[in-house]
Structures are given as C-alpha cells and as structure tokens.
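A short worksheet on the structure shown next.
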C-alpha cells in the first residue's frame, strides 16, 4: 500500500481556479518559515556581546533550530500522511510562533538554545509537507514554477525577516524586542495562510505504519538519483547558511566597520532569490536539472571568491551572486525530488529537507569553527569547497535524471557516472 493516496482530480495548471490561492498561501508559509528559522542570524554579533560567547557558539542559535527541524521533518511528513497536509502545516506554524515568542524572553543563552531547538521541531511540519502539497495539487508541467514561487516566499521571509529583526534590534537596542517582533509578524502571516490555502483536492489521508514508512525511506534511498538530489540540498544549504552567518562579522569589522542597521540591510540580497527561484524553475525545463544546478553552483562559487576582496562593492556583489546561485540550485533540486518520487512524495520531500537542514546545521557550525580558527579567507575557502562537492555530485546525473524527468518503473534507472 502506498503511503499516500491521490485522487483522480486533474492537477492544477497556471490560470486554473485555485492555482493562485495555493501559490499565495504557500508563499506566506515560506515567508513565515524562513523568517522564524533564521531570526537570530542578524543578531549573532549582539549575542556574542550580551552572553559573552564566541561567534561559533552564537551561531548555535541558528544551528539548533535547523537541526531540530531536520530531526523532526520525516516524522512530521508521516503525520501529514495520516492527518492531512493543511492541518499539519497550520499547527506547525502556530507552534513555531509560540516558541518564537517564548525565545524572546529566555533568561539565559542555554534556555534560548532550547527554545530555538523546539521552534525548529515545530517548524518541521511545514517545509516537507508544503513541497508534498504542491506536488500533489499542481500539474507536473507547472510544478517547477509553483515550487519556485514557494521558495521565493522563503527568500522574502529570509530577507524580510532579517531586516525586521535588524531594524527592531537597532532601534530598540534589544534583541528580545527583535525576536518578539518577528514572531508577531509571523503570526499575522499565519492568519493569511489559514484564510487563503485551500484543502487538498488530490490527496486523501490514510493510516501510516512504521514499517511502511521505513519501506518508503529505504525505497527512496535506493534511488541513486534521489540520493544525489539529497546531497545537493545538503551542500548548497551548508554553503548558504555559512556565508550569511559570518558575513556580518566581516562587514562589522575592519576595513568596513559598518553600523549594525546597515549590515542588517545586507539581507535584502535575498530578494535576488525571489526572482531567481521562479526563473530557475522555468530554465530547468529547458536545460535540465544537471545543467541548471551546475550553472547555479558556478555562479555561487564566483560570488564566494569575490567576497575575499577588501572592497565593499565586491563583497556585497559576491554575496548577491552566491544568493542567486543558491536559490536557483535549491529550487531546481527540490522540484526534481517532487517529479522523481512517484510515490511517498511527502517522505521524499522530507528526506530532501532533512538533508537540506542538516546541511544548514553542519555548514553553519563547521563554518563557525573555520571562521574562529582561521578567519574570513579560510571561511570563503570552505564555501568554495562545499560548492565544488555539489558540482561533482550533480555532474553524475545522466539521462532522464539530468533532464529532470521522473522515474518510470518500466525503464531502467539512468546511469550515474
């Protein structure tokens, strides 16, 4: 028995009734997820000063959240198979908002880390289920564009959330006010999501046995194409989070010595991902998964190298290129998972995002170790190494997988050299 059951209803295409509501609803969900998930990222220098911890220790306020999400994401995907996509997403965001408010009043750094970890666990019900919801409801030919818009919501939440946090923190002088403010904004986005997102049309909840879930996980792991897609998500996200975790220290210190509020506005570069994600989804239909992700990794690597320059314009421009490359690669790889997995899509999406957020935790933490031990130049070298590994992984895709086509049981799996 399949883990999920899809109805016979035709998938929605661009222009169909309901397509816009789904796109808008998931856009706000993506905004809320990234706004809460990385809320402490622009506050890392402040946390270093307030709690007297190292930059690497401060970065744990990001890593424990993404780590909690990674651990809980596959169980949350399984819960969505039993209780439905929309209810799980709603309760997930509600729990995350509550823990976000609690984190704002944490009396110690240790308790802040605990609450941020719980916030990540609560958020786990949204990312994988959102991707599975789109794969269920949207016609395969239009999935790339819809997934790109969802990820564009992630990018808007990324830069919008960080700007809100930075602005409130700078104007109030309180990191607590900053975290509380973004939690309130996220609560308003949750209300919009609840009002707009329609119930599933092509998915019927069904009981999920542990053995059946394990079977789906094993089945997906046996697919060499999915394994490579999971690895791509891990490496790209590790690169991205590491760059944004420590670029603030680079800009606050010499030779730039920028004010906190100005550094906070660096996160507006996420806006580049808003456009890039949607465009990359369309380009992948023409170029294929392999070529599009290779180009994306190359663009990101070029941006990372540019950030070595002691010139502010080159550092900002390099970060913009890295952002463009990351969002393009992630949009294409995540959509490819939805197309490739012809069964157990929520589980496949959960496995991709497990890898993705493990990459966030590991990349951010290891990047902190590198930054603390050897400085910014070594951190850039670490970024380039991760992107080179991603290029090697995606270069191995061949045949139908390289073109972004789904697996067909009657056809032998594409070779992976």
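Residue numbers (the numbering used here): 6 to 422. C-beta atoms are modelled at their ideal positions from N, C-alpha and C, and glycine is treated no differently.
{"Check": "Terminal residues of the alpha helix (DSSP H) in which residue 179 lies", "Outcome": "Taken as a continuous stretch (DSSP letters only), residue 179 belongs to no alpha helix (DSSP H), as it is neither H nor E."}
{"Check": "Spatial distance of residue 160 from residue 112 (CA atoms)", "Outcome": "31 Å"}
{"Check": "Stretch-stretch touch, CB-based, cutoff 8 Å, three pairs: the segment 185 to 194 with the segment 98 to 111", "Outcome": "yes"}
{"Check": "C-alpha distance - residue 5 paired with residue 42, whole-angstrom precision", "Outcome": "Because the chain here runs from 6 to 422, residue 5 falls outside it and cannot be looked at."}
{"Check": "Inter-stretch contact at 8 Å, needing at least 3 Cβ pairs: the segment 217 to 225 / the segment 366 to 384", "Outcome": "no"}
{"Check": "Residue 313 - DSSP class collapsed to helix/strand/coil", "Outcome": "coil"}
{"Check": "Alpha-carbon spacing of residue 362 relative to residue 180, whole angstroms", "Outcome": "24 Å"}
{"Check": "Opening and closing residue of the alpha helix (DSSP H) in which residue 92 lies", "Outcome": "90 to 108"}
{"Check": "Where the alpha helix (DSSP H) through residue 225 begins and ends", "Outcome": "215 to 227"}
{"Check": "DSSP-derived helix/strand/coil call for residue 375", "Outcome": "helix"}
{"Check": "Distance cut-off 8 Å: residue 295 Cβ against heavy atoms of the ligand COA", "Outcome": "Looking for the ligand COA in the displayed structure turns up nothing, as the structure carries no ligands at all."}
{"Check": "Cutoff 6 Å; reference residue 265; Cβ partners in own chain excluding five residues on either side", "Outcome": "175"}
{"Check": "Nearest to residue 402 (by Cα), restricted to the options 293, 314, 23", "Outcome": "293"}
{"Check": "Residue 365, DSSP secondary structure in three states", "Outcome": "helix"}
{"Check": "Endpoints, the alpha helix (DSSP H) within which residue 55 is located", "Outcome": "49 to 56"}
{"Check": "Sub-9 Å separation of residue 375 and residue 384 beta-carbons", "Outcome": "yes"}
{"Check": "Whether residue 302 touches residue 269 by CB criterion (9 Å)", "Outcome": "no"}
{"Check": "Under 9 Å between C-beta atoms of residue 125 and residue 73", "Outcome": "yes"}
{"Check": "Sequence-distant residues of its chain with Cβ nearer than 6 Å to residue 238 (five each side left out)", "Outcome": "338, 357, 360, 361"}
{"Check": "Selected residue, minimal CA-CA separation from residue 249, among 355, 53, 388", "Outcome": "388"}
{"Check": "Helix, strand or coil at residue 349 [DSSP, three-state]", "Outcome": "coil"}
{"Check": "Residue 222 at chain B interface by Cβ criterion, 9 Å", "Outcome": "Checking the listed chains, one finds no chain B in this structure; it contains a single protein chain."}
{"Check": "Residues of its chain near residue 298, where Cβ-Cβ distance is below 7 Å and the 5 sequence neighbours each way are ignored", "Outcome": "237, 334, 337, 338, 399"}
{"Check": "Integer Cβ distance of residue 288 from residue 304, believed to fall under 8 Å", "Outcome": "Not quite, the Cβ-Cβ distance comes to about 12 Å (not below 8 Å), so this is no contact."}
{"Check": "Per-residue burial, residue 259 [other beta carbons within 10 Å of its own, 16 or more giving buried]", "Outcome": "exposed"}
{"Check": "Backbone secondary structure at residue 331 - three-state DSSP", "Outcome": "helix"}
{"Check": "Limits of the unbroken alpha helix (DSSP H) element including residue 269", "Outcome": "265 to 269"}
{"Check": "Alpha-carbon spacing of residue 240 relative to residue 233, whole angstroms", "Outcome": "11 Å"}
{"Check": "CA-to-CA distance, residue 224 to residue 277, given in whole angstroms", "Outcome": "36 Å"}
{"Check": "Proximity to residue 207 [Cα-Cα], best of 271, 140, 162", "Outcome": "140"}
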